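Protein sequence lines, in the order shown, are assigned to chains X and B. 1004 is the number of the first residue of the first sequence in this note's numbering; add one for each residue after it. 1004 is the number of the first residue of the second sequence in this note's numbering; add one for each residue after it. By construction, the Cβ of each residue, glycine as well, lies at the ideal position given by its N, Cα and C atoms. Values in this document were obtained by computation on a predicted structure and should not be read as measured data. First up is the structure itself, then whatever we jot down about it.
Protein chains: 2
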Amino acid sequence: MSHFELLKTCPTTKARRCRLVTRAGVIETPQFMPVGTYGAIKAMTPDEMMELGSTVILANTYHMFLRPGHELVRQLGGLHTFMHWNRTILTDSGGFQIFSLSDFAKISDTGVSFASHLDGTRFHFSPENSIEVQEALGSDIMMVLDHLIASTSDADSVRRAVERTVAWAERCRVCWSDHSADLWAIVQGGLFPEIREACARDLTRLDFPGYAIGGLAVGESTEDLYEMTSVSAGALPENKPRYLMGVGLPENLVECVARGVDLFDCVVPTRHARNGMLFTRNGKMVIKQARYRDDAQPPDPDCTCYLCKNFSRAYLRHLYMNGEILSARLATIHNIHFFMTLMSDIRKAIETDNFPAFRRNFLSAYIV
Amino acid sequence: MSHFELLKTCPTTKARRCRLVTRAGVIETPQFMPVGTYGAIKAMTPDEMMELGSTVILANTYHMFLRPGHELVRQLGGLHTFMHWNRTILTDSGGFQIFSLSDFAKISDTGVSFASHLDGTRFHFSPENSIEVQEALGSDIMMVLDHLIASTSDADSVRRAVERTVAWAERCRVCWSDHSADLWAIVQGGLFPEIREACARDLTRLDFPGYAIGGLAVGESTEDLYEMTSVSAGALPENKPRYLMGVGLPENLVECVARGVDLFDCVVPTRHARNGMLFTRNGKMVIKQARYRDDAQPPDPDCTCYLCKNFSRAYLRHLYMNGEILSARLATIHNIHFFMTLMSDIRKAIETDNFPAFRRNFLSAYIV
Chain X
1004 MSHFELLKTC PTTKARRCRL VTRAGVIETP QFMPVGTYGA IKAMTPDEMM
1054 ELGSTVILAN TYHMFLRPGH ELVRQLGGLH TFMHWNRTIL TDSGGFQIFS
1104 LSDFAKISDT GVSFASHLDG TRFHFSPENS IEVQEALGSD IMMVLDHLIA
1154 STSDADSVRR AVERTVAWAE RCRVCWSDHS ADLWAIVQGG LFPEIREACA
1204 RDLTRLDFPG YAIGGLAVGE STEDLYEMTS VSAGALPENK PRYLMGVGLP
1254 ENLVECVARG VDLFDCVVPT RHARNGMLFT RNGKMVIKQA RYRDDAQPPD
1304 PDCTCYLCKN FSRAYLRHLY MNGEILSARL ATIHNIHFFM TLMSDIRKAI
1354 ETDNFPAFRR NFLSAYIV
Chain B
1004 MSHFELLKTC PTTKARRCRL VTRAGVIETP QFMPVGTYGA IKAMTPDEMM
1054 ELGSTVILAN TYHMFLRPGH ELVRQLGGLH TFMHWNRTIL TDSGGFQIFS
1104 LSDFAKISDT GVSFASHLDG TRFHFSPENS IEVQEALGSD IMMVLDHLIA
1154 STSDADSVRR AVERTVAWAE RCRVCWSDHS ADLWAIVQGG LFPEIREACA
1204 RDLTRLDFPG YAIGGLAVGE STEDLYEMTS VSAGALPENK PRYLMGVGLP
1254 ENLVECVARG VDLFDCVVPT RHARNGMLFT RNGKMVIKQA RYRDDAQPPD
1304 PDCTCYLCKN FSRAYLRHLY MNGEILSARL ATIHNIHFFM TLMSDIRKAI
1354 ETDNFPAFRR NFLSAYIV
């Protein structure tokens, strides 16, 4: 099981500087986890990810279950060997993708049945299956299967979904066999503060090595995202890591660190890169814009990444307009570098008691 | 202008070990030039190409002329700066792509008129234009504009096309303004040995710093390719580099080195890689085949490239089947490494008087 150490707290906000040590290595938090859906961070080699300072990545259980299949990955030595990544891997439970990607998802107390979005094959996924698949993958941090419902659902529906989420968390805990890996629970509760608090309390009683905040970044307002994050983080134990699932944009990271979150994951840096969107400290940059056609400047003159040290906006735009793979690569390197540097700056700011000033300066320079 | 040195000749075949020094650097020959159509080797960074030992690449004048335009590239400091490559760049004349890609190509003594394959815009390209565009790009080795006709044309048509090719070579020579760069002529003549010999003689009289053999690898039989290469190479001066355009497959490289060729270019290593096809010393490997599904071996167990040192056939197949960009990257690294190693082995074999044995062994192991 992982070891978690609280190194420093911000005297003004809820921001905290911690260290999580899993069986696969050390993770300094606050930290961002890039997403490798199919066992690869899109467009990147694992060595490039290490060079960029990534210490933990996320892989999607739903996708790996469908292709190439968890038994094949187990047979080939687990996901670390398969994808040549020996640092920490966190896997989700598959639940979120079942509800967002698959067809005909139907839920009952036993689990979820659904049809693959690839070929329509029908599957049934229980809390027990989810852990079995994640253990086959060799995940270092597994997530419990949870019951997701629309964030616009009424309080009674949300309460019932949370009851099931807690019951399933307990069932996941029972069949979790290899305790060198972690199993983390997920706080749900829609946009109802009391339900989220109750859920956090119930899960804490079950004593997991870490907790996620789920059911957010699914279309709710930014105010709701921030409030639900505050409420959920505030109801979780101080001495355990807190992971906000599927978040997010740079401004979300800064704001949710201020609310006590340690870990984040999101497809934004990699997906936006493939769409020609670069993150800079002044906001987003859409490289296809005509004004960059003959612009000899680096995409971000303040950036020290491989793209910005060696290539111009005009060249990146040229690559993007011609559909060159190198465009996706260079933009992904830049965006991952941006997210890693942002998290590193956040950590330094907390260490030096400067987080409130850092937050203020970042948000005033960053145009959303 | 470049300097060319003949270091060693094979006592049995026509193979030769030479050194070409352009204004941008040293090229040991026989050598293979990867193709960077749009000013990027597809899926690769220039640094990766350097690490793989590439000393010269080809860029396509036709493509760069259409997008982003040669004047823009000139304004941004030339192609070397634009794409961050300070080693040698050879550019073709654009003629081949005009005939193979564009619409409504019409030829007259003044040049070729054609419609862009991208948006139908009409252009006229003369020998003078071709050199102007290549000089704007900052090419280290420019090629003359030649008149291409179907390899099945009759002798009279071929003879007339060759006359025009020689006349255009002379016009290119006249407007070639910066002699720190090279301008090379192209031997044409279809499948007629005497016409090719006459063309080579006429071009040699004009005294270019290098010569290409063109109009091959366009659908003719392998026997014809080899015979026309022999005839053309044999009619060219010993003390000048010989470049066989658009060739080719590994077996073609070995066989055409034996016929006196120094330089090659082809999209095969990069394009095949994106289609999941790997080159090995035993022949081609199609990674999507079901037999590789659970194969834990490196793609080529004898290979020392980044792919083969770190990943399995099963993983590469998984990436390929899911359309991951990393599949194209890893396969391209492998194939470029294969071509670079093959050329390096050919050079060593010539140096040690072992080329005939190398050729025999290579061809008996390599299943076409």
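Rounded to whole angstroms, what's the CA-CA distance from residue i to residue j? Just pull it up for me.
{"i": "E1138 of chain B", "j": "G1249 of chain B", "result": "22 Å"}
{"i": "C1197 of chain B", "j": "L1151 of chain B", "result": "Checking the sequence, you will find Glu at residue 1197 of chain B rather than Cys. Rounded to the nearest angstrom, the two C-alpha atoms are 17 Å apart."}
{"i": "R1199 of chain B", "j": "G1192 of chain B", "result": "4 Å"}
{"i": "E1226 of chain B", "j": "M1288 of chain B", "result": "25 Å"}
{"i": "S1367 of chain B", "j": "I1144 of chain B", "result": "35 Å"}
{"i": "M1052 of chain X", "j": "H1340 of chain X", "result": "9 Å"}
{"i": "N1338 of chain B", "j": "L1281 of chain B", "result": "6 Å"}
{"i": "A1317 of chain B", "j": "L1148 of chain X", "result": "28 Å"}
{"i": "A1164 of chain B", "j": "L1194 of chain B", "result": "13 Å"}
{"i": "R1400 of chain B", "j": "T1012 of chain X", "result": "Outside the shown range of chain B, which is 1004 to 1371, sits residue 1400 of chain B, and nothing can be said about it."}
{"i": "L1252 of chain B", "j": "H1120 of chain B", "result": "27 Å"}
{"i": "L1073 of chain B", "j": "H1083 of chain B", "result": "According to the sequence shown, residue 1073 of chain B is His rather than Leu. Approximately 13 Å, taken between the alpha carbons."}
{"i": "Y1369 of chain B", "j": "R1363 of chain B", "result": "10 Å"}
{"i": "D1157 of chain X", "j": "E1223 of chain X", "result": "14 Å"}
{"i": "G1375 of chain B", "j": "G1098 of chain B", "result": "What is shown of chain B runs 1004 to 1371, which leaves residue 1375 of chain B out entirely."}
{"i": "T1232 of chain B", "j": "D1106 of chain B", "result": "29 Å"}
{"i": "R1294 of chain B", "j": "R1320 of chain B", "result": "10 Å"}
{"i": "G1042 of chain B", "j": "W1088 of chain B", "result": "9 Å"}
{"i": "D1003 of chain X", "j": "D1348 of chain B", "result": "No information on residue 1003 of chain X is available, as it lies outside the stretch 1004 to 1371 that chain X covers here."}
What does the Cβ neighbour count give for residue i, buried or exposed, with the cut at 16 atoms within 10 Å?
{"i": "K1312 of chain X", "result": "exposed"}
{"i": "E1258 of chain B", "result": "buried"}
{"i": "G1263 of chain B", "result": "buried"}
{"i": "Q1292 of chain B", "result": "exposed"}
{"i": "N1285 of chain X", "result": "exposed"}
{"i": "V1177 of chain B", "result": "exposed"}
{"i": "H1373 of chain B", "result": "Chain B is shown only over 1004 to 1371; residue 1373 of chain B falls outside these bounds and no answer can be derived."}
{"i": "H1066 of chain B", "result": "buried"}
{"i": "T1124 of chain X", "result": "exposed"}
{"i": "L1209 of chain B", "result": "exposed"}
{"i": "D1401 of chain X", "result": "The question about residue 1401 of chain X has no answer, for chain X in this structure spans 1004 to 1371."}
{"i": "H1275 of chain X", "result": "buried"}
{"i": "K1351 of chain X", "result": "exposed"}
Note down, in chain order, each residue of its chain lying with its Cβ closer than 6 Å to the Cβ of residue i, except the 5 sequence neighbours on either side.
{"i": "A1238 of chain B", "result": "E1200, A1203"}
{"i": "L1055 of chain X", "result": "I1339, H1340, M1343"}
{"i": "C1308 of chain X", "result": "I1336, H1337, H1340"}
{"i": "R1077 of chain B", "result": "A1139"}
{"i": "L1256 of chain X", "result": "F1267"}
{"i": "T1040 of chain X", "result": "N1063, H1066"}
{"i": "L1104 of chain B", "result": "H1120"}
{"i": "T1273 of chain X", "result": "K1045, T1335"}
Near residue i, what residues of its chain come up, given a Cβ to Cβ distance below 8 Å and the 5 sequence neighbours on each side ignored?
{"i": "T1015 of chain B", "result": "F1358, P1359"}
{"i": "V1270 of chain X", "result": "V1038, T1040"}
{"i": "L1322 of chain B", "result": "L1329, S1330, L1333"}
Near residue i, what residues of its chain come up, given a Cβ to Cβ distance below 7 Å and the 5 sequence neighbours on each side ignored?
{"i": "A1108 of chain X", "result": "I1101, F1102, V1115, F1117"}
{"i": "M989 of chain X", "result": "Residue coverage of chain X in this structure runs from 1004 to 1371, which leaves residue 989 of chain X outside it and unanswerable."}
{"i": "S1160 of chain B", "result": "I1152"}
{"i": "A1299 of chain B", "result": "S1315, A1317"}
{"i": "E1008 of chain B", "result": "C1021, R1022"}
{"i": "S1235 of chain X", "result": "V1190, R1199, A1203, I1216"}
Going along chain A, which residues have a C-beta under 8 Å from residue i?
{"i": "R1070 of chain B", "result": "No chain A is part of this structure, whose protein chains are labelled X and B."}
For the region 1281–1306 of chain B, list every residue whose C-beta sits within 8 Å of some C-beta in chain X, in sequence order.
R1296, D1297, A1299
In the region 1255–1339 of chain X, which residue ranges form an unbroken beta strand (DSSP E) of at least 3 residues, counting only runs that do not cross its ends?
1266–1269, 1280–1283, 1286–1289
Which of the residues in the region 1072–1087 of chain B, read from start to end, lie with their CB under 8 Å from any CB of chain X?
L1075, Q1078, L1079, G1080, F1085, M1086, H1087
Entirely within the region 1039–1072 of chain X and at least 4 residues each: give me those alpha helix (DSSP H) ranges in chain order.
1049–1054, 1064–1069
May I have a chain-ordered list of the beta strand (DSSP E) segments no shorter than 3 residues that lie completely inside the region 1208–1233 of chain B?
1214–1216
Compile a chain-ordered list of the residues in the region 1328–1343 of chain X whose CB is closer than 8 Å to at least one CB of chain B.
I1328, L1329, A1331, R1332, L1333
With 7 Å as the limit, tell me which residues of the region 1050–1068 of chain B have their beta carbon closer than that to any beta carbon of chain X; keep them in chain order.
none
Selection of the region 1028–1042 of chain X by Cβ proximity to chain B, strictly under 9 Å
T1040, Y1041, G1042
Alpha helix (DSSP H) segments (min. 4 residues) lying fully within the region 1178–1213 of chain B:
1196–1209
Using a Cβ-Cβ cut-off of less than 7 Å, give me the residues of the region 1310–1322 of chain B that come near chain X, in sequence order.
N1313, F1314, S1315, A1317, Y1318, H1321, L1322
Between the region 1122–1141 of chain X and chain B, which residues of the former have a C-beta closer than 9 Å to a C-beta of the latter?
none
Could you list the residues in the region 1355–1371 of chain B with a C-beta less than 9 Å from some C-beta on chain X, going in chain order?
none
Counting only Cβ-Cβ distances shorter than 8 Å, please list the residues of the region 1241–1266 of chain X near chain B, keeping chain order.
none
What are the start and end residues of each continuous alpha helix (DSSP H) run of 4 or more residues lying completely inside the region 1090–1135 of chain X, in chain order?
1098–1103
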